[in-house]
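Trainee:
Protein chains: 2
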Amino acid sequence: MSEPQRPVRIVDVAALAGVSPSTVSKALNNNGLLKDTTRERVQQAAEKLGFVPDAAARSLQARRTYTVGLLSTDSAGRFSLPVVLGAENALLAGQISALLATARHDPVREQHHIRSLVSRRVDGIIVTGRTTEPRAPIEALAPVVYAFAPSTDPRDASVVPDDADGMRQMVEHLRSLGHRRVAYVGGRPDQRSSHLRYDATVTAAQERGMTVVGEPRYGEWSERWGRHAVDMLTGDGLLVEDGPDRVDAVVFASDQIARGGTDRLRERGMRVPEDVAVTGYDDWQVMSMASRPPLTTVDMRLETLGQRAAEMLLAAVAGEAFHGTELVTPRLIARESTLGTS
Amino acid sequence: MSEPQRPVRIVDVAALAGVSPSTVSKALNNNGLLKDTTRERVQQAAEKLGFVPDAAARSLQARRTYTVGLLSTDSAGRFSLPVVLGAENALLAGQISALLATARHDPVREQHHIRSLVSRRVDGIIVTGRTTEPRAPIEALAPVVYAFAPSTDPRDASVVPDDADGMRQMVEHLRSLGHRRVAYVGGRPDQRSSHLRYDATVTAAQERGMTVVGEPRYGEWSERWGRHAVDMLTGDGLLVEDGPDRVDAVVFASDQIARGGTDRLRERGMRVPEDVAVTGYDDWQVMSMASRPPLTTVDMRLETLGQRAAEMLLAAVAGEAFHGTELVTPRLIARESTLGTS
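Line by line, the protein sequences are chains X and F.
Counting from 1, one number per residue, gives the positions in the first sequence under full-length UniProt numbering.
Counting from 1, one number per residue, gives the positions in the second sequence under full-length UniProt numbering.
Listed below in structure tokens is the structure:
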């Protein structure tokens, strides 16, 4: 573990040059009556120590508190907690402490939190969200990185899961098992991830000569909706033995929906994956592992995402700000709901 | 919202009394050559401002950072996150910031975190745990309060859910619905809460002329174990129609176990609650609300618990340390798994 990077102060330069701090100030600002040799000695000492003689940068350096704010708007914590843990991990390695601030969807409370973090003079702020819906940027003078929920301002630094790649991996996996016809069941119709995952499924399927049968179904992020969706798919003939619209896999937009769907398929006497393969999303193990059978799903690698957010923030604090949205590549987790128990 | 409580310093007393700080020091320490009227004026000013003239207390006051450490050992966050949020809420109201430190069952990392919090000169530390198992106390000079997982040292300040009262409320509820014979299914056999909840169930049942049938069953905190336990209870005749050991309710030690049990009861053709009532514990809504039917359960009021921990810590920082374990009374949540859909 390396020592904390203490900012170089004017007194350090003064000590090395063997002069007073006010002499350092005069020497570096080219004012005051100094001997050339003194001025030179000070400049060499400043250079050796990496002292930044620009006033703004100097003030920024001096102000570092080695503390970062973690602003979260998630009370459930399912998605934002792993992000927070990943960020904390990366910060800890850099000897940075994390100040927690949880706003719980309350804009007044969020403003209060931001003021509090600013008054603590945090070096920067990581903003996490409970969904991947883009959110309005916060107003703070310190550098900010948005994790999981991106900022609506594309010039801000955001890091989000690459859902399109997650779905591409999933479709590729289904294709490798010989599936050709899939149905898609999304979550809430007003949320971006429902549609983004559908579009990615269609694109990936078309590229591989596969068919996404019928329209996407949207409902809510719940097991109940998963059960209902299976009833709808059955009613529309997609899960009817030897029907013309029969699919051989159902792609659900979350593990929670997939678990409900799997329960209903079993209750209807359909075997997973022998009669129809099922996939989820999130690898929320309370759902994906408890499902019968356990779900093939996509792990968004939220801890890695949080870690990247912290790295980006530390780079911004050091003066190397990133602008734009960075995507974190997820990982396919293959389990019995597609592989079977063989 | 009140202003942050700035510690009263010697210069404040000096300003009010119209004397120099060194005169204040001499007046309050009863040394130096001062006129009695001066000494009196300083003492009145000190009293008016609430200045504490004891050296140790003064130093403590001066050292306050209005920052508290939240040390968690839970990566899943299911139980500790609500505790953290409750604590944060109470701290925020007192204009105190929370430094997050998550140790994830790693003693080396925990030590590192504690050192980091201490080096940040936090006013105190709240330690939360992932279970209610007692944990070894941490070593820190600042005041510490243990939340959810109590300290093994009874002189430490701990705040934990009152599981015995939760089970008493549950048994009372079952009694009020006319149930007389219950079976108990616990979680992990090596964990305190499994046994404590059983003992409380037996005591409460006996007080009400009810019977806890057979031995307690222990397994794990999972849905799978809940399903398996129902198979065992059936095999032992407790869920067999008109059998001599027939029970009319099954008390499960967690929502997760109860959900698995409820699934298996349905799969075996038993109606909940018409044929047998079912209860859970935790009100973990992902389980309790998704269960079919939704579960009657106990809410441990973890946010309130976290809030109490923060209040106890702030009192300790102010010099009023609490010693011992405070219990937070939980709340019964009655739903269809005992009430039916009538």
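Glycine is no exception: its CB is placed at the ideal position from the N, C-alpha and C atoms.
Any chance the region 86-96 of chain X sits against the region 299-308 of chain X, with 3 or more Cβ pairs inside 8 Å?
Mentor: Counting Cβ pairs under 8 Å, three or more are found: they touch.
Trainee: Report the start-end ranges of each alpha helix (DSSP H) in the region 68-142 of chain F that is 4 residues or longer and not cut off at the edges.
Mentor: The qualifying runs are 80-93 and 107-119.
Trainee: Where do the N-terminal and C-terminal ends of the alpha helix (DSSP H) with X:Leu313 fall, by residue?
Mentor: X:Leu313 -> alpha helix (DSSP H) spans Leu302 to Val317.
Trainee: Return helix, strand or coil for F:Glu267, following the three-state DSSP convention.
Mentor: Three-state result, F:Glu267: helix.
Trainee: Mapping the DSSP letters down to three states, classify F:Arg58 as helix, strand or coil.
Mentor: Here the model assigns F:Arg58 a pLDDT of 43, short of 50, so the residue's position is not dependable and the matter cannot be decided.
Trainee: Would DSSP call F:Asp199 helix, strand or coil?
Mentor: Three-state DSSP puts F:Asp199 in a helix.
Trainee: Spell out a yes or no on whether the region 96-105 of chain X and the region 158-175 of chain X are touching, meaning 3 or more CB-CB pairs, one atom from each, closer than 8 Å.
Mentor: In short, these stretches do not touch, since the Cβ pair count stays below three.
Trainee: Taking the Cβ atom as the reference point for each residue, do F:Arg259 and F:Ser291 lie within a distance shorter than 7 Å?
Mentor: Yes; because the gap between Cβ atoms is below 7 Å, this pair is in contact.
Trainee: Have a look at the DSSP bridge pairing and note the partners of F:Phe252.
Mentor: Paired residue(s): F:Val185.
Trainee: At what residues does the alpha helix (DSSP H) containing X:Arg155 begin and finish?
Mentor: Counting along the chain, X:Arg155 falls outside any alpha helix (DSSP H), and DSSP gives it neither H nor E.
Trainee: Name the DSSP beta bridge partners of F:Arg208, please?
Mentor: None; F:Arg208 has no bridge partner.
Trainee: Give the range of the beta strand (DSSP E) segment to which X:Gly324 is assigned.
Mentor: Counting along the chain, the beta strand (DSSP E) containing X:Gly324 begins and ends at Gly324 to Val328.
Trainee: When we look at the beta-carbon of F:Ser207 and count the other beta-carbons within 10 Å, is it buried (16 or more) or exposed?
Mentor: Rather than Ser, the amino acid found at residue 207 of chain F in this sequence is Glu. It is exposed - the Cβ of F:Glu207 has fewer than 16 other Cβ atoms within 10 Å.
Trainee: Using a Cβ cut-off of 7 Å (strictly closer), state whether F:Ala93 contacts chain X.
Mentor: It does not: the Cβ of F:Ala93 has no partner Cβ on chain X nearer than 7 Å.
Trainee: Would you check if there are 3 or more beta carbon pairs closer than 8 Å linking the region 223-234 of chain X to the region 249-263 of chain X?
Mentor: As far as the Cβ criterion goes, the region 223-234 of chain X touches the region 249-263 of chain X, which means the pair count is three or higher.
Trainee: What residues from the region 102-130 of chain F come within 7 Å of chain X, judged by C-beta to C-beta, listed N to C?
Mentor: Cβ contacts with chain X: Thr102, Ser116 and Arg120.
Trainee: Between which two residues does the alpha helix (DSSP H) harbouring X:Leu332 extend?
Mentor: Careful: X:Leu332 lies outside any alpha helix (DSSP H), inside the beta strand (DSSP E) at Arg331 to Ile333.
Trainee: Closest to F:Pro293 by C-alpha separation, out of F:Arg308, F:Val276, F:Asp282 and F:Gln307, would be which residue?
Mentor: Considering only alpha carbons, the answer is F:Val276.
Trainee: Expressed to the nearest angstrom, what Euclidean distance is found between the alpha-carbon atoms of X:Gly219 and X:Asp190?
Mentor: Distance between the alpha carbons of X:Gly219 and X:Asp190 is about 9 Å.
Trainee: List, in chain order, every chain F residue whose beta-carbon is nearer than 9 Å to that of X:Leu100.
Mentor: Under the 9 Å cutoff, chain F gives Leu70, Val84, Glu88, Ser97, Ala98, Leu99 and Leu100.
Trainee: Do X:Arg246 and X:Ala204 have their CB atoms nearer than 7 Å?
Mentor: No; because the gap between Cβ atoms is not below 7 Å, this pair is not in contact.
Trainee: F:Val13: buried (16+ other C-beta within 10 angstroms of its C-beta) or exposed?
Mentor: Answer is buried; the Cβ neighbour count reaches 16.
Trainee: Quick check: is the beta carbon of X:Glu311 nearer than 7 Å to any beta carbon in chain F?
Mentor: No, because no Cβ of chain F sits closer than 7 Å to the Cβ of X:Glu311.
Trainee: From this set, F:Arg335, F:Gly324 and F:Leu339, which residue's C-alpha is nearest F:Pro134's C-alpha?
Mentor: For F:Pro134, the nearest C-alpha among the options comes from F:Gly324.
Trainee: Mind listing the chain X neighbours of F:Ala290? Cutoff is C-beta to C-beta under 7 Å, in chain order.
Mentor: In chain order: Glu223.
Trainee: Does the structure place the region 176-190 of chain X close enough to the region 143-158 of chain X that three or more beta carbon pairs sit under 8 Å?
Mentor: In short, these stretches do not touch, since the Cβ pair count stays below three.
Trainee: Which same chain residues, not among the five before or five after F:Gly243, have their C-beta less than 7 Å away from its C-beta?
Mentor: Excluding sequence neighbours, F:Gly243 sits near Gly237.
Trainee: Three-state secondary structure (DSSP) at X:Asp283?
Mentor: In the structure shown, X:Asp283 sits in coil (DSSP, three-state: anything other than H, G, I, E or B).
Trainee: Could you say if the region 32-51 of chain X and the region 44-52 of chain F meet the contact criterion of at least three C-beta pairs nearer than 8 Å?
Mentor: At 8 Å Cβ cutoff, the stretches do not touch.
Trainee: Taking the straight line between their C-alpha atoms, what separation do you get for X:Asp299 and X:Thr128?
Mentor: Looking at the two C-alpha atoms, the distance is approximately 18 Å.
Trainee: List the residues of chain X that F:Val286 touches, going by C-beta distances under 7 Å, in chain order.
Mentor: Near F:Val286 (Cβ distances below 7 Å), the residues of chain X are Val286.
Trainee: Rounded to a whole number of angstroms, what is the C-alpha to C-alpha distance between residue 343 of chain F and F:Met287?
Mentor: Absent from the structure is residue 343 of chain F, since the part of chain F shown begins at 1 and ends at 342.
Trainee: By DSSP's criteria, F:Arg217 is part of a beta bridge. Which residues make up the other side?
Mentor: For F:Arg217, which the question treats as bridged, DSSP gives the partners F:Val185.
Trainee: Can you look up F:Thr234 in the DSSP assignment and give me helix, strand or coil?
Mentor: Three-state result, F:Thr234: helix.
Trainee: Select from X:Ser116, X:Thr67, X:Ala200 and X:Ser194 the residue whose C-alpha is nearest the C-alpha of X:Ser222.
Mentor: Nearest option by C-alpha distance: X:Ser194.
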